Amino acid sequence: MEHQTIVEALLLGLLEGLTEFIPVSSTGHMLLAGHFLGFESTGKAFEVLIQLGAILAILSVYFGRLWKIATSLPSDPGARRFVFGVLLAFLPAAVIGFLAHDFIKTVLFESPMLICVMLIVGGVALLWVDRLALTPKYRNVTDYPLPVYLGIGFFQCLAMIPGTSRSGATIVGALLMGTDKRSAAEFSFFLAMPTMAGAFTLELIKNRDVLTAADLPIIGVGFVAAFISGVFVVRHLLDYVSRHGFGLFAWWRLIVGTAGLVALLIWG
178 MEHQTIVEAL LLGLLEGLTE FIPVSSTGHM LLAGHFLGFE STGKAFEVLI QLGAILAILS
238 VYFGRLWKIA TSLPSDPGAR RFVFGVLLAF LPAAVIGFLA HDFIKTVLFE SPMLICVMLI
298 VGGVALLWVD RLALTPKYRN VTDYPLPVYL GIGFFQCLAM IPGTSRSGAT IVGALLMGTD
358 KRSAAEFSFF LAMPTMAGAF TLELIKNRDV LTAADLPIIG VGFVAAFISG VFVVRHLLDY
418 VSRHGFGLFA WWRLIVGTAG LVALLIWG
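Residue numbering for the sequence shown follows the working numbering, beginning at 178 and increasing consecutively.
If you want it as structure tokens, here you go:
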């Protein structure tokens, strides 16, 4: 990464924070941007490691609520049930992600064409679900039945294909299983914390022998940029989707995916 510029890292970090929590695929956007910028990170680690900035963005915005849940665990069965539900939803991705890590990084991450196709497919799916006349049965993330938590976790595994979107997969899964739009987006925040922390830890372990001190400034700039832009999105996303749904993000996916396919066909 010593040949990459701070400006590229800054742009990619901002892109990570802006897209991590909306259903457009942050990894897909960063890999496509990196492809056309000629950005190559050591072991493809940059794209995952700067997600720590996005994790801290959630923690900073939700600190009060997370602290309340943590301190009430000994006395509140509801808090314990919710934490168990989040861990249950995290389990499928933890197992499959660990087992398929090398395939994901060496095969799926190296296919810009696949990313563009999945952006388009995911956009169509999100647009379809957003327009369904669904009647929500669950409006509070702490009250989902345990099978719903687990089902959302399996939907999240689809996001191991870059371009699918972790938040998009979990939101679509949640909506199909009876949640309202606001709580579906909010649960994707909570599920992001263990999922992204797990991916960060695994990536750090896998690349501990190839990352050098020269990589740290680039990763650090991306991390800070992802944190700042992530805080902005987390603070405003729930109110937006409560009023407008996910249509804007679906159309954005279709536009970016189509533009990416055209660019790949023209420039390679």
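By construction, the Cβ of each residue, glycine as well, lies at the ideal position given by its N, Cα and C atoms. From a predicted model like this one, the values you see are computed outputs, not experimental measurements.
C-alpha distance - residue i paired with residue j, whole-angstrom precision
i	j	result
F147	V325	Any property of residue 147 remains undetermined from this structure, which presents the chain solely from 178 to 445.
F261	S237	22 Å
S450	L233	What is shown of the chain runs 178 to 445, which leaves residue 450 out entirely.
A310	L415	20 Å
L189	S252	43 Å
A231	W444	32 Å
R258	I235	21 Å
D386	M354	43 Å
E185	V284	24 Å
L438	F426	18 Å
L327	V408	27 Å
A374	E287	23 Å
K314	L352	10 Å
E179	A391	Reliability of the predicted coordinates at E179 is poor, the pLDDT of 48 falling under 50, and no value is obtained from them.
T204	P394	20 Å
E363	V263	12 Å
A440	T248	51 Å
D357	F423	12 Å
W148	L250	Outside the shown range of the chain (178 to 445) lies residue 148, about which nothing can therefore be said.
V318	L229	23 Å
G256	R420	Note that residue 256 corresponds to Ala in the displayed sequence, not to Gly. Approximately 28 Å, taken between the alpha carbons.
T182	I396	11 Å
T372	I382	16 Å
W163	V294	Nothing can be reported for residue 163, as the shown portion of the chain is limited to 178 through 445.
L214	L265	38 Å
A436	P254	49 Å
A446	L442	Lying outside 178 to 445, the shown extent of the chain, residue 446 is not represented and no answer is given.
Anticipated Cβ contact below 8 Å, residue i with residue j, distance rounded
i	j	result
V360	R316	Residue 360 is actually Ser in this sequence, not Val. About 5 Å separates the two Cβ atoms, so the contact holds.
N384	A222	4 Å
F400	I227	5 Å
V410	G194	7 Å
F377	V225	6 Å
L379	F275	7 Å
L296	R430	5 Å
A402	L191	5 Å
V398	L187	5 Å
G340	G299	7 Å
M337	I273	7 Å
H206	P289	The Cβ separation is near 11 Å, so there is no contact.
Beta-bridge pairing of residue i - partner residues as DSSP gives them
i	result
Y315	T356
Interface flag, residue i vs chain B, CB-CB below 8 Å
i	result
S365	Chain labels in this structure do not include chain B; a single protein chain is all it has.
Could you give the uninterrupted runs of the alpha helix (DSSP H) lying entirely in the stretch 373-435, keeping only those of 4 residues or more?
-> The stretch 373-435 is shown to contain whole alpha helix (DSSP H) runs of 4 or more residues at 393-421, in chain order.
Evaluate contact between the stretch 314-323 and the stretch 276-284, counting only Cβ atoms and requiring at least three cross-stretch pairs below 8 Å.
-> No contact exists between the stretch 314-323 and the stretch 276-284.
Could you name each continuous alpha helix (DSSP H) segment of 4 residues or more that falls completely within the stretch 239-327, going from the start of the chain to the end?
-> 240-249, 254-283, 289-308
Any 3 or more C-beta pairs closer than 8 Å across the stretch 341-350 and the stretch 292-304 | yes
May I ask you to verify whether the stretch 327-335 touches the stretch 189-205, counting CB pairs closer than 8 Å and requiring at least 3?
-> Taking a cut-off of 8 Å on C-beta distances, the stretch 327-335 does not touch the stretch 189-205, as fewer than three cross pairs fall below it.
Can you list, in chain order, the stretches of the alpha helix (DSSP H) that have 4 or more residues and sit fully within the stretch 326-353?
-> 343-353
Kindly provide the ranges of any alpha helix (DSSP H) runs that are 4 or more residues long and lie completely inside the stretch 187-218, ordered along the chain.
-> 203-214
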